[in-house]
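S.K.: Before anything else, here's the structure in question.
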Amino acid sequence: MALAPLDEAITLDQLSSDPYPIYRRLRAENPVLRVAATGRTLLTKAALTKAVKDNPELFSSDDPQTPMRPAFRAHTLMRKDGQAHFVERKAISKALTPTRIKSDWGPLYEQLAERYIARLPRGETVDLFADLCGPLAARILAHILGIPEASDEQMQRWSQLLIDGAGNFGWKPEPFLASDAANDEMDALFAQLEPIRRAEPDGSAFSLMLNADDPIPMSQIHANIKIAIGGGINEPRDALATIIYGLLTNPDQLDEVRAQAVWDKAFEEGIRWVAPIQASSRLVTKDTELCGFDIPKGDTVMTIQASANRDEELYEDGESFFVFRDKNPHQAFGNGPHHCAGAHVARRTVGKIILPMLFERFPRMALPKPEEVVWKGFGFRGPINLPVVLN
Amino acid sequence: MIKVTYVAQDGTETTLEAEEGASVMRTAVSNDLDGIVGECGGSMMCATCHCYVDEAWQDRAGRRSDDEDEMLEGAASEVTERSRLSCQIKLDQSLDGLIVHLPEEQL
Numbered sequence: 067m068a069l070a071p072l073d074e075a076i077t078l079d080q081l082s083s084d085p086y087p088i089y090r091r092l093r094a095e096n097p098v099l100r101v102a103a104t105g106r107t108l109l110t111k112a113a114l115t116k117a118v119k120d121n122p123e124l125f126s127s128d129d130p131q132t133p134m135r136p137a138f139r140a141h142t143l144m145r146k147d148g149q150a151h152f153v154e155r156k157a158i159s160k161a162l163t164p165t166r167i168k169s170d171w172g173p174l175y176e177q178l179a180e181r182y183i184a185r186l187p188r189g190e191t192v193d194l195f196a197d198l199c200g201p202l203a204a205r206i207l208a209h210i211l212g213i214p215e216a217s218d219e220q221m222q223r224w225s226q227l228l229i230d231g232a233g234n235f236g237w238k239p240e241p242f243l244a245s246d247a248a249n250d251e252m253d254a255l256f257a258q259l260e261p262i263r264r265a266e267p268d269g270s271a272f273s274l275m276l277n278a279d280d281p282i283p284m285s286q287i288h289a290n291i292k293i294a295i296g297g298g299i300n301e302p303r304d305a306l307a308t309i310i311y312g313l314l315t316n317p318d319q320l321d322e323v324r325a326q327a328v329w330d331k332a333f334e335e336g337i338r339w340v341a342p343i344q345a346s347s348r349l350v351t352k353d354t355e356l357c358g359f360d361i362p363k364g365d366t367v368m369t370i371q372a373s374a375n376r377d378e379e380l381y382e383d384g385e386s387f388f389v390f391r392d393k394n395p396h397q398a399f400g401n402g403p404h405h406c407a408g409a410h411v412a413r414r415t416v417g418k419i420i421l422p423m424l425f426e427r428f429p430r431m432a433l434p435k436p437e438e439v440v441w442k443g444f445g446f447r448g449p450i451n452l453p454v455v456l457n
Numbered sequence: 020m021i022k023v024t025y026v027a028q029d030g031t032e033t034t035l036e037a038e039e040g041a042s043v044m045r046t047a048v049s050n051d052l053d054g055i056v057g058e059c060g061g062s063m064m065c066a067t068c069h070c071y072v073d074e075a076w077q078d079r080a081g082r083r084s085d086d087e088d089e090m091l092e093g094a095a096s097e098v099t100e101r102s103r104l105s106c107q108i109k110l111d112q113s114l115d116g117l118i119v120h121l122p123e124e125q126l
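Taken in order, these protein sequences are the chains called A and B.
Be aware that the first sequence starts at 67, since it is given in our numbering, and climbs by one per residue.
Be aware that the second sequence starts at 20, since it is given in our numbering, and climbs by one per residue.
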């Protein structure tokens, strides 16, 4: 058998500016393709991406060479398998369950959403990406994690610096210097808050991890909170911006969503259409094959859930935003052991609280120039501006 | 072939044929059954394949493990003593005819 074909034409810039036409071509022609620019084997069909993520023994998350390690100054649960991953995940996932969200957090989320939406000026053009999506995602997360003392600016800046460090595959010094500085700030805040979260237990992630019967080590508690900061702001932010764009550029669908009150369906379609996390890496632990191609041990495969979510085998006209699909088995939250721990929180906050509240307050909100919206990102993707007129 | 019957909240019954060794979750998902999501693929990470084992089958289906019990705390609908994560119920001939009831919601 042969290795998968090698592509030397696709560039990272192309993948960042508009990957979808490329993925469409790859699904048809080369669903298993070594892409030189990424140094990885890209998998673009839904059955492939799902099979890989459901098989952690063969396709491991445990990558000792990951730049995530220096970026987070820890080996985090994102890059662990099996029991080691399970123990750390269980420690934080208790703060993210639907029951916890309903009982402890529902009213608070609503208050926060109300406060951030209420301060938006009516009748003006506002960049919702910068003025709502990012700050509100940061504020809600700060409360869930038990670090509400951190400002919106800190949360967003830390998140970006952690992501930049984790994606520093060129191993340049500057991103790690920047993530080091962010780590220092975070560690100092966590140390300062620790006695308070111990003395006055609440349902936040920090408090639950500190006060557990059999707590995980403090270094891993810190690492877990940092992972949630790095992985919990961009996604709801980008999801919200993407869904607002989808609805405002499809007014018929918006009317119908409003009439049927199916904001949750709009949420699912938005994250299917442009998945906030587009790609994930897995390390191949022994020689195997995919679609008839040899995949050698030590290779890194990249599951492109962005592409899986538009796979013609699952979706009719997957390239279009269409809320009213019969079935929507998207992989935006991933699958397998690393299935997004924040899925319940995201569905609840973005889908059930923020979207209806925003469209109720500004029923005639409009996006006059959709062509001015810039989309960006290969690993993470979403609009980076969203100039809407609020009415 | 092993038969499993899923009873929805509105009383609708769907009987599916399962392969030996498949889970109650996997059988539902691969047949596109509404009411079982199974988003994490059976790794006990999402609690979206919650089901209630019919009383008559409770002993044969087995009891939930400690880890399963903890994950069920995250289920969207009420958890009772008959609650299981359907990904953790593996089917064999002794479960031919199994009946499970579906919760109000999974997400």
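Ideal Cβ placement from N, Cα and C applies to all residues, glycine included.
Taking a contact to mean a Cβ-Cβ separation below 8 Å, would you say B/Ser-105 touches B/Val-43 in this structure?
M.R.: Position 86 of the second sequence, counted from the first residue, corresponds to residue 105 of chain B. Position 24 of the second sequence, counted from the first residue, corresponds to residue 43 of chain B. In contact: B/Ser-105 and B/Val-43 (Cβ atoms closer than 8 Å).
S.K.: If you measure from the beta carbon of A/Arg-413 to each beta carbon in chain B, is any gap under 8 Å?
M.R.: Reading the first sequence from its first residue, position 347 is the one you call residue 413 of chain A. At least one chain B Cβ lies under 8 Å of A/Arg-413.
S.K.: Ordered along the chain, which non-local residues of its own chain (more than five positions away) have a Cβ less than 6 Å from that of A/Asp-230?
M.R.: The residue labelled residue 230 of chain A in the question sits at position 164 within the first sequence. Only Pro-241 meet the Cβ criterion.
S.K.: List the endpoints of the continuous beta strand (DSSP E) containing B/Thr-24.
M.R.: Along the second sequence, read from residue 1 onward, the residue named residue 24 of chain B stands at position 5. Counting along the chain, the beta strand (DSSP E) containing B/Thr-24 begins and ends at 21-26.
S.K.: Expressed to the nearest angstrom, what Euclidean distance is found between the alpha-carbon atoms of B/Cys-70 and A/Ser-270?
M.R.: Counted from its first residue, the second sequence places residue 70 of chain B at position 51. Counted from its first residue, the first sequence places residue 270 of chain A at position 204. One C-alpha to the other measures close to 28 Å.
S.K.: Determine the burial state of A/Leu-207: buried for a count of at least 16 other Cβ atoms within 10 Å of its Cβ, exposed for fewer.
M.R.: By one-based count along the first sequence, residue 207 of chain A stands at place 141. When all chains shown are included, A/Leu-207 counts as buried.
S.K.: Which same chain residues, not among the five before or five after A/Ala-184, have their C-beta less than 8 Å away from its C-beta?
M.R.: The residue you call residue 184 of chain A lines up with position 118 of the first sequence. So the qualifying residues of the chain are Arg-427.
S.K.: State the CB to CB distance for the pair A/Gly-233 and A/Ala-345, rounded to an integer number of angstroms; the pair is presumed to be in contact (CB under 8 Å).
M.R.: For this step, residue 233 of chain A is matched to residue 167 along the first sequence. For this step, residue 345 of chain A is matched to residue 279 along the first sequence. The Cβ separation is near 11 Å, so there is no contact.
S.K.: Does the Cβ of A/Glu-154 have 16 or more other Cβ atoms within 10 Å, making it buried, or fewer, making it exposed?
M.R.: Residue 154 of chain A sits at position 88 when you count from the first residue of the first sequence. Label assigned to A/Glu-154: buried.
S.K.: Specify whether the region 98-114 of chain A and the region 205-225 of chain A touch according to this definition: at least 3 beta carbon pairs, one from each stretch, less than 8 Å apart.
M.R.: no
S.K.: When you compare the CB of A/Ser-347 with every CB in chain B, is at least one pair closer than 8 Å?
M.R.: For the purposes of this step, residue 347 of chain A is taken as residue 281 along the first sequence, with counting starting at 1. No - not a single Cβ of chain B is within 8 Å of the one on A/Ser-347.
S.K.: Looking at the unbroken beta strand (DSSP E) that takes in A/Phe-359, where does it start and where does it end?
M.R.: The sequence position of residue 359 of chain A within the first sequence is 293, counting from 1. Taken as a continuous stretch (DSSP letters only), the beta strand (DSSP E) holding A/Phe-359 covers 359-361.
S.K.: Since A/Ile-361 contacts A/Thr-107 with CB under 8 Å, what's their CB separation in whole angstroms?
M.R.: To locate residue 361 of chain A, count along the first sequence from 1; it is residue 295. To locate residue 107 of chain A, count along the first sequence from 1; it is residue 41. Correct: roughly 7 Å between the Cβ atoms.
S.K.: Listing by chain order, which chain A residues have their CB less than 9 Å from the CB of B/Glu-92?
M.R.: Reading the second sequence from its first residue, position 73 is the one you call residue 92 of chain B. Under the 9 Å cutoff, chain A gives Lys-160, Thr-163, Thr-165, Arg-166.
S.K.: Rounded to whole angstroms, what is the Cα-Cα separation between A/Asp-268 and A/Gln-286?
M.R.: Start at 1 with the first residue of the first sequence, and residue 268 of chain A comes out as number 202. Start at 1 with the first residue of the first sequence, and residue 286 of chain A comes out as number 220. Cα to Cα, the separation comes out at about 19 Å.
S.K.: How many angstroms separate the CA atom of A/Phe-433 from the CA atom of A/Leu-174?
M.R.: In the first sequence, the residue the question calls residue 433 of chain A occupies position 367. In the first sequence, the residue the question calls residue 174 of chain A occupies position 108. Reading off the sequence shown, one finds Leu at residue 433 of chain A, where the question assumed Phe. Taking the straight line from one Cα to the other gives about 29 Å.
S.K.: Should A/Phe-333 and A/His-288 be called a contact, given that it needs their Cβ atoms to be closer than 8 Å?
M.R.: Indexing the first sequence from 1 puts residue 333 of chain A at position 267. Indexing the first sequence from 1 puts residue 288 of chain A at position 222. Contact flag unset, no.
S.K.: Considering Cα atoms alone, identify which of A/Lys-146, A/Gly-358, A/Ala-398 is closest to A/Asp-377.
M.R.: Taking the first residue of the first sequence as position 1, residue 377 of chain A is located at position 311. A/Asp-377 has its Cα closest to that of A/Ala-398, out of A/Lys-146, A/Gly-358, A/Ala-398.
S.K.: Just how far apart, CA to CA, sit A/Thr-163 and A/Ser-273?
M.R.: Here residue 163 of chain A refers to the residue found at position 97 when the first sequence is read from its first residue. Here residue 273 of chain A refers to the residue found at position 207 when the first sequence is read from its first residue. Roughly 15 Å between the two C-alpha positions.
S.K.: Just reading off the beta strand (DSSP E) that A/Pro-453 is part of, what are its end residues?
M.R.: Within the first sequence, residue 453 of chain A is the residue found at index 387, counting from 1. Element bounds for A/Pro-453: 453-455.
S.K.: I need the straight-line Cα distance from A/Ala-244 to A/Leu-227, nearest angstrom please.
M.R.: For the purposes of this step, residue 244 of chain A is taken as residue 178 along the first sequence, with counting starting at 1. For the purposes of this step, residue 227 of chain A is taken as residue 161 along the first sequence, with counting starting at 1. The straight-line gap from Cα to Cα measures roughly 6 Å.
S.K.: Could one say the Cβ of B/Cys-62 lies closer than 8 Å to chain A's Cβ atoms, at least one of them?
M.R.: By 1-based counting over the second sequence, the position of residue 62 of chain B is 43. Sequence inspection shows Ser at residue 62 of chain B; the Cys mentioned does not correspond to that position. Interface residue, yes.
S.K.: In chain order, what residues of the same chain have a beta carbon less than 6 Å from the beta carbon of A/Gly-296, not counting five sequence neighbours either side?
M.R.: Working through the first sequence from its first residue, we reach residue 296 of chain A at position 230. Excluding residues within five positions, the ones whose Cβ falls inside 6 Å are Ser-225, Leu-228, Ile-229.
S.K.: Is B/Cys-70 close to chain A, meaning its C-beta is less than 8 Å from at least one C-beta of that chain?
M.R.: As a working mapping, residue 70 of chain B is identified with position 51 in the second sequence. No, B/Cys-70 does not count as interfacial toward chain A.
S.K.: Using a Cβ-Cβ distance cut-off of 8 Å, determine whether A/Asp-280 contacts chain B.
M.R.: Numbered from 1 along the first sequence, position 214 holds the residue referred to as residue 280 of chain A. Judged by the 8 Å Cβ criterion, A/Asp-280 is not in contact with chain B.
S.K.: Name the DSSP beta bridge partners of A/Ile-343, please?
M.R.: Counted from its first residue, the first sequence places residue 343 of chain A at position 277. Per DSSP, A/Phe-446.
S.K.: Could you have a look at B/Lys-109 and say whether DSSP puts it in helix, strand or coil?
M.R.: If you number the second sequence from 1, residue 109 of chain B lands on position 90. In the structure shown, B/Lys-109 sits in a strand (DSSP, three-state: E or B).
S.K.: Three-state secondary structure (DSSP) at A/Arg-303?
M.R.: To locate residue 303 of chain A, count along the first sequence from 1; it is residue 237. Looking at A/Arg-303 - three-state DSSP - the assignment turns out to be helix.
S.K.: Using the rule of at least 16 other Cβ atoms within 10 Å of the residue's Cβ for burial, across every protein chain shown, is A/Lys-64 buried or exposed?
M.R.: The first residue shown for chain A is 67 and the last is 457, placing residue 64 of chain A beyond what the model contains.
S.K.: I believe A/Ala-407 touches A/Ile-158 by the beta-carbon criterion, under 8 Å. Please report the beta-carbon distance rounded to the nearest angstrom.
M.R.: Mapped onto the first sequence, residue 407 of chain A falls at position 341. Mapped onto the first sequence, residue 158 of chain A falls at position 92. The distance from the Cβ of A/Ala-407 to that of A/Ile-158 is about 7 Å, consistent with a contact at the 8 Å cut-off.
S.K.: So that I know if they touch, is there some Cβ in chain D lying closer than 8 Å to that of B/Leu-126?
M.R.: Protein chains in the displayed structure are A and B, and chain D is not among them.
S.K.: Counting only Cβ pairs nearer than 9 Å, list the residues of chain A close to B/Glu-123.
M.R.: For this step, residue 123 of chain B is matched to residue 104 along the second sequence. Neighbours of B/Glu-123 on chain A: none; closest Cβ ~12 Å, over 9 Å.
S.K.: Per DSSP, what kind of secondary structure is A/Glu-334 in: helix, strand or coil?
M.R.: Within the first sequence, numbered from 1, the residue matching residue 334 of chain A stands at position 268. Helix at A/Glu-334.
S.K.: Is the CB of A/Gly-408 under 8 Å away from at least one CB in chain B?
M.R.: In the first sequence, counting from the first residue as 1, residue 408 of chain A sits at position 342. For A/Gly-408, the answer is no, since every Cβ of chain B falls outside 8 Å of its Cβ.
S.K.: Taking the alpha-carbon positions, what's the A/Leu-421 to A/His-410 distance?
M.R.: Taking the first residue of the first sequence as 1, we reach residue 421 of chain A at position 355. Taking the first residue of the first sequence as 1, we reach residue 410 of chain A at position 344. If you take the alpha carbons of A/Leu-421 and A/His-410, they lie about 16 Å apart.
S.K.: With A/Gly-312 and A/Trp-329 assumed to form a contact (beta carbons below 8 Å), what rounded beta-carbon distance in angstroms separates them?
M.R.: Within the first sequence, the letter at position 246 stands for residue 312 of chain A. Within the first sequence, the letter at position 263 stands for residue 329 of chain A. Their Cβ separation, rounded to whole angstroms, is 12 Å, which puts A/Gly-312 and A/Trp-329 out of contact at 8 Å.
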